[in-house]
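Asks: Below you'll find the structure I mean.
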Amino acid sequence: AAGQPPGADQPQRLFSCAEMIEPFRLAIRDKALCNMCVVAAIVSIPEVVLFDINNQFAYTALGLLPSAAEGAGAAAARKHVSFLYVSALQISAMLGFFAAGHLAKRFSARRFVVWLTPLAAAFQAMPALMVVCPHVWAVPVAGTLLGLSLMVLPPLQALTAQIAPADRQSEAIGAVGAFKCAACVAGNLAVNCVVPALRTTGLENPLWPVYPICGLVSLSALVFVRRVPAPPPAEVRPPRASAAEHLR
């Protein structure tokens with residue numbers, strides 16, 4: 043700026059950089075928040091991996107993989123399978139989020155996450171059964187299971203806000219979100235590395251082992267969830283007065 047000596051704005055720039063990395067420093071210093079970041083990363087990796095491979099896995103199980111001599115019927119069948127999977131996943135995730143919010147409020151977010159983590163791991167592993175049950179009706183069932191496995195996300199976010207320092211909740215949520223994004227990148231890299239290796243095994247449908255592996259990865263998050271201390275009880279707030287009471 044005019045009239046300011048050179049380098050006068052350097053402390054301000056350094057302060058801004060320090061503010062940007064402060065959420066990560068908070069996550070490292072705070073043990074409970076660090077465990078929450080690890081949990082968020084662990085549960086995010088299987089989600090990304092399974093979303094990446096599910097359509098291809100279903101096409102292989104149903105014999106719908108593209109080929110040079112295919113007709114219009116096979117392409118239409120793949121579109122139908124993709125529609126069934128995506129619709130079932132979105133509807134089940136929507137209903138699951140509503141249920142998760144209600145149950146987390148009733149039983150506490152931490153307790154619900156502890157209960158739900160093994161269940162989500164089982165939901166992620168079960169679609170592998172399409173190998174022995176290659177029917178179109180199994181596609182929406184698999185999508186529903188994967189959608190229900192996302193129920194763990196709302197109580198995780200609520201638990202993050204509950205264990206964060208009172209004046210640093212936004213930073214804590216930002217740190218957890220950053221770890222989830224990093225885990226998504228790691229999941230995509232894992233797909234690019236693991237799937238080609240599985241294709242060399244000679245299995246008829248080489249993608250099915252990914253489902254139980256992802257279930258085990260999600261189950262390992264339980265170790266870190268149990269390390270998160272129970273948040274202090276929330277203060278009981280008086281009920282809001284109605285508009286009619288305000289007018290009295």
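Read in order, the letters of the sequence shown correspond to residues 43 to 290 in the numbering used here. Positions of the beta carbon are idealized from the N, C-alpha and C atoms, including for glycine.
#1: Cβ of Ile84 within 8 Å of Cβ of Val270?
#2: Quick one: Cα of Ala141 to Cα of Leu126, how far?
#3: Using a Cβ-Cβ distance cut-off of 8 Å, determine whether Gly105 contacts chain D.
#4: Taking the alpha-carbon positions, what's the Pro9 to Pro176 distance?
#5: Hey, how far is the Cα of Ala263 from the Cα of Val194?
#6: Mapping DSSP to helix, strand and coil, what is Asn35?
#7: Which of the three DSSP states, helix, strand or coil, is assigned to Thr242?
#8: Give a single yes or no on whether Leu145 has its beta carbon closer than 7 Å to a heavy atom of the ligand NAP.
#9: Identify whether His177 lies in helix, strand or coil by the three-state DSSP scheme.
#10: Tell me the DSSP secondary structure of Asp94 in three-state form.
Replies: Let's see:
#1: For Ile84 and Val270, no; Cβs fall outside 8 Å.
#2: Each residue's Cα considered, the two are about 22 Å apart.
#3: The structure shown contains no chain D; it is built from a single protein chain.
#4: Nothing can be reported for residue 9, as the shown portion of the chain is limited to 43 through 290.
#5: When rounded, the distance between both Cα atoms is 11 Å.
#6: In the structure displayed, the chain extends from 43 to 290; residue 35 sits before or after that span and is not available.
#7: Coil at Thr242, not helix or strand.
#8: By its list of ligands, the structure shown contains no ligand whatsoever, and the ligand NAP lies outside what it can speak to.
#9: In the structure shown, His177 falls within a coil segment according to DSSP collapsed to helix, strand and coil.
#10: Three-state DSSP puts Asp94 in a helix.
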